[in-house]
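Residue numbers (our numbering): 490 to 927.
All residues carry an ideal CB built from backbone N, CA and C; glycine is no exception.
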Amino acid sequence: MVLDHMIRAVVVAAFASLFSILGAAPSGGSTSETFTVVTSFPEELTTRYEREFERSHPQFHVQFVWKQSRDALAELAKPEQGGADVYWAPAPANFARLRDWGAFRKLMVDRAALPGRLGRQQLSDPAGLYEAYDVAGYGIVANPSALAAAGLSAPRRWDDLASPEYARRLAMPIASKVGFSPALYDIVLQSEGWDAGWRLLGEMAGEATLLDSGLAPTASVREGTAALALTIDFFAEIAKANGAAVEMIYPQRTAFLPAHVAMTAASKHVAGAQAFIDFLLSTDGQRLMMERDSRRHPARPDAYQSASQGFANPFALPASALLDYDSEIGRRRPPLIALLFDLAIVDGHDESAELWRKIHDAEKKFAGDAKALAALGEAKRLAGFVPVSETDARATAFLERFQRRDAIDARQITQWREEIGAARRQARDLVKSLEPAP
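Now the structure itself:
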């Protein structure tokens with residue numbers, strides 16, 4: 490009995506010490522209230538915000554819990570959102586799901602300062618349950634010197650990249666390996682149309698270098714191994730701000746997609762959570778993301794007044810330059826796009842490169858032959874074929890079947906692989922039929 494009493498006393502003392510540590514002010518002075526922020530933003534950004542927020546709000550201490558999108562969703566789906574107070578991340582699909590599950594409470598924002606829209610595109614939740622923090626642009630990072638040396642102008646449209654002039658000078662991220670790339674490819678698909686978009690992606694990728702990390706596209710252009718690469722803008726902007734001779738190009742009908750912030754419905758530290766969200770969305774808070782090692786685009790238009798020269802302001806772009814991006818469809822498509830990209834572009838890439846090279850050579854050879862060019866047009870359609878219709882690619886029930894890759898029917902993948910292979914063989918046969926008989 491005495492031993493049990495002693496053990497209980499030690500446990501109580503340990504917990505008291507733990508809570509004392511958690512509640513202590515970072516400076517070691519007066520106590521401060523600790524609240525928890527779940528995020529996937531990099532440490533250099535979160536540390537910057539922590540320092541500036543706590544400097545102006547010494548009564549609060551922010552504790553960051555870093556989790557990638559899937560782990561964050563699992564954590565915030567727990568009872569009382571796992572004890573988190575704020576969710577702050579570039580994960581639109583997570584925010585929409587958690588909203589639908591009742592995980593957030595309504596935020597009050599000034600719509601005069603934070604429009605929650607970019608052109609016709611909705612950025613923030615219409616009901617106010619989560620708010621856009623930044624917008625990331627998608628496009629092309631270019632090496633102007635490499636283009637000039639090759640006598641090439643910079644591309645201005647997505648379909649410019651299908652030109653044989655850029656063949657073997659382009660790098661593209663693999664959709665199943667690089668987190669931002671399914672959204673990038675969905676922008677192309679929404680801009681050009683589902684079937685035409687896949688045909689364009691196939692032609693672009695035919696002789697391109699395929700890369701498996703988010704840093705690699707910008708690095709390949711910076712180092713001169715590629716003249717152009719598809720990327721999300723902040724990688725290119727960070728490289729440029731730190732001295733790299735690269736430029737970010739936003740093609741016509743691209744999109745800027747948001748990261749969000751929300752307060753959890755079960756937050757027990759509402760005052761601290763609200764103060765942190767207010768700081769993130771304030772003019773001063775938004776300006777922090779434009780610093781040299783972040784180079785993100787604020788969701789607050791007035792923050793751009795202090796932007797460096799040449800830093801794009803998406804709110805100042807003409808409406809014709811932006812795609813009216815459908816975020817409800819877009820948030821459901823990434824798993825399907827990643828799967829189709831693997832099947833149609835990554836698998837058999839060497840053979841596809843040879844096929845596209847032959848198609849391009851034949852287009853030059855038969856430039857004035859309408860019949861031959863019609864056959865080559867069909868060959869291009871077959872070379873860029875994917876076995877999913879646009880109707881299915883817009884259907885919520887169909888898209889939900891691919892949210893977990895390990896749960897996809899293996900027979901479906903086998904069938905699709907066979908259909909893609911058959912289409913490629915037909916394309917090769919069409920090109921071969923144009924060759925003179927021996």
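- Annotation for Met693: the continuous alpha helix (DSSP H) segment containing it runs Trp683 to Gly695.
- In the structure shown, Thr903 adopts helical secondary structure according to DSSP, grouped into three states.
- Closest in C-alpha terms to Arg917, from the list Glu840, Glu543, Asp881 and Phe891, comes Glu840.
- Within its own chain, the residues whose Cβ lies closer than 6 Å to the Cβ of Ala864, once the five positions on either side in sequence are excluded, are Leu919, listed in chain order.
- A direct Cα-Cα distance of roughly 13 Å separates Ile766 from Asp599.
- The C-alpha of Arg822 is placed about 20 Å away from the C-alpha of Trp590.
- Non-local beta-carbon contacts of Arg883 in its own chain, meaning distances under 7 Å to residues more than five positions away in sequence, involve Ile818 in chain order.
- If only complete runs of 4 or more residues are kept, the segment 772–822 shows the alpha helix (DSSP H) at 772–777 and 816–819, in order along the chain.
- Separation of Thr707 and Pro925 (C-alpha to C-alpha, rounded to the nearest whole angstrom) is 43 Å.
- Around the beta-carbon of Val526, 16 or more other beta-carbon atoms lie within 10 Å, marking it buried.
- When the five nearest sequence neighbours on each side are left out, the beta carbons in the same chain lying within less than 6 Å of the beta carbon of Leu562 are those of Asn583, in order along the chain.
- One Cα belongs to Glu712, the other to Lys757, and the distance between them is close to 49 Å.
- Burial is judged here by how many other beta carbons sit within 10 angstroms of a residue's own beta carbon; Gly628 has at least 16 and is buried.
- At least 8 Å separates the beta-carbon of Ala664 from that of Tyr655.
- Judged by DSSP secondary structure, Glu522 falls within the beta strand (DSSP E) whose first and last residues are Glu522 to Thr528.
- In the three-state reduction of the DSSP assignment, Trp845 falls in the helix class.
- By the neighbour-count criterion, in which 16 or more other beta carbons inside 10 Å mark a residue as buried, Lys595 falls on the exposed side.
- Taking Glu867 as reference, the option from Gln741, Arg914 and Leu832 with the minimal CA-CA separation is Arg914.
- In the three-state DSSP reduction, Val835 falls in the helix class (H, G or I).
- Taking 8 Å as the cut-off, the beta carbon of Tyr619 is found closer than this to the beta carbon of His749.
- Note that the segment 554–574 does not touch the segment 602–621; fewer than 3 beta-carbon pairs, one per stretch, sit closer than 8 Å.
- Only residues of its own chain outside the window of five on either side were considered, and among them Gly512, Gln548, Phe549, His550, His758, Ala760 and Gly761 have a CB closer than 8 Å to the CB of Glu522, listed in chain order.
- Shown here, Arg914 sits in a helix according to DSSP, grouped into three states.
- Between Arg537 and Leu829, the C-beta gap is not smaller than 8 Å, which leaves the two residues out of contact.
- The secondary-structure analysis by DSSP pairs Val624 across a beta bridge with Pro747 and His786.
- Separation of Tyr622 and Gly695 (C-alpha to C-alpha, rounded to the nearest whole angstrom) is 36 Å.
- Secondary structure at Arg606: strand, using DSSP grouped into helix, strand and coil.
- Three or more beta-carbon pairs separated by less than 8 Å are not found between the segment 838–856 and the segment 885–905, which leaves the two stretches without contact.
- Apart from the 5 residues on each side of it in sequence, Leu699 sits with its Cβ closer than 7 Å to the Cβ of Met661, Ile663, Val835 and His838 in its chain, given in chain order.
- In the DSSP assignment, the residues bridged to Met661 are Leu699.
- Between Gly686 and Val677 the beta-carbon gap is near 5 Å, inside 8 Å, which marks them as a contact.
- About 12 Å separates the Cβ atoms of Phe542 and Trp577, ruling out a contact at the 8 Å cut-off.
- Distance from the CA atom of Ala856 to the CA atom of Leu565, rounded to whole angstroms, is 58 Å.
- A Cβ-Cβ distance of about 13 Å is found for the pair Lys847 and Glu692, leaving them out of contact under the 8 Å criterion.
- In the DSSP assignment, Glu533 falls within the unbroken alpha helix (DSSP H) covering Glu532 to Ser545.
- The bridge partners DSSP lists for His550 are Thr523.
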